[in-house]
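Asker:
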Amino acid sequence: MGDPKGFLKIRRKVAGYRPVEERINDYSEVELRLPDEERRQQAARCMDCGVPFCHWACPVSNVMPEWQDRLFRGDWERAWAILEDTNPFPEFTGRVCPAPCEASCVLGVNDEPVTIRQNELAVIEKAFELGLVVKRPPKVRNGKKVAIVGGGPSGLSTAY
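Each position in the sequence shown, counted from 1, maps to that position plus 143 in the working numbering.
1. Name the two residues that bound the continuous alpha helix (DSSP H) containing N262.
2. Leaving out five residues on either side along the sequence, give the residues of the same chain with a beta carbon under 6 Å from the beta carbon of N205.
3. Bridge partners for Y160 per DSSP, in chain order?
4. Count Cβ pairs between the region 213 to 221 and the region 247 to 266 that sit closer than 8 Å; are there 3 or more?
5. So is D169 buried or exposed if we call it buried at 16+ other beta carbons inside 10 Å?
6. Since D212 is in the alpha helix (DSSP H), which residue starts that stretch and which ends it?
7. Quick check on P147: does DSSP put it in helix, strand or coil?
8. What residues in its chain sit with their C-beta under 6 Å from that of L177, if we drop five residues either side in the sequence?
9. Which term fits T236, buried or exposed, when burial requires 16 or more other beta carbons within 10 angstroms of its beta carbon?
10. Whose C-alpha, out of N285, F271, T258, E245, is nearest the C-alpha of F232?
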């Protein structure tokens with residue numbers, strides 16, 4: 144891991160939300176984002192606990208310590224590649240996931256947990272900015288079709 148004592152030096156920081164008076168006039172993002180350097184510092188709080196309970200609590204089995212480390216090092220491309228391996232929709236989960244990973248974070252026993260959901264959102268947003276997210280149509284079509292009922296996370300994952 145990048146900074147084994149990062150969790151001792153850096154306090155949890157979230158960007159917060161836009162004022163309600165402003166939000167009711169548009170459909171823009173509600174949650175604000177930290178600058179890249181501050182987001183990287185938040186990733187440094189991941190303490191390489193040995194047994195990543197965050198990973199086991201995640202419904203899509205994200206490997207948080209690995210991509211947190213890449214985020215801390217500023218390697219956005221590798222952070223995205225690791226995240227993409229387990230999560231087909233980080234642009235959704237980074238916004239709406241209830242983050243059971245944060246509730247399971249070992250750091251949360253004595254301190255505030257790592258900002259895993261916000262870090263995930265930062266990785267996917269940066270991946271879009273850098274042009275790392277690309278369409279991947281199937282290599283071979285077999286002519287068969289499947290009907291997916293519902294457009295929620297389960298239906299989207301099935302279609303993926």
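The C-beta atom is built at its ideal place from N, Cα and C for all residues, glycine as well.
Answerer: A quick look at the data gives this:
1. In the DSSP assignment, N262 falls within the alpha helix (DSSP H) that extends over 259 to 272.
2. Contacts found: T229, N230.
3. In DSSP, Y160 forms a bridge with E174.
4. Yes, the region 213 to 221 touches the region 247 to 266.
5. Here D169 is exposed. Its C-beta has fewer than 16 other C-beta atoms within 10 Å.
6. From DSSP, the alpha helix (DSSP H) with D212 extends over 207 to 215.
7. P147: coil per DSSP, three-state reduction.
8. Around L177: A158.
9. With 16 or more other Cβ atoms from the protein chains shown falling within 10 Å of its own Cβ, T236 counts as buried.
10. For F232, the nearest C-alpha among the options comes from F271.
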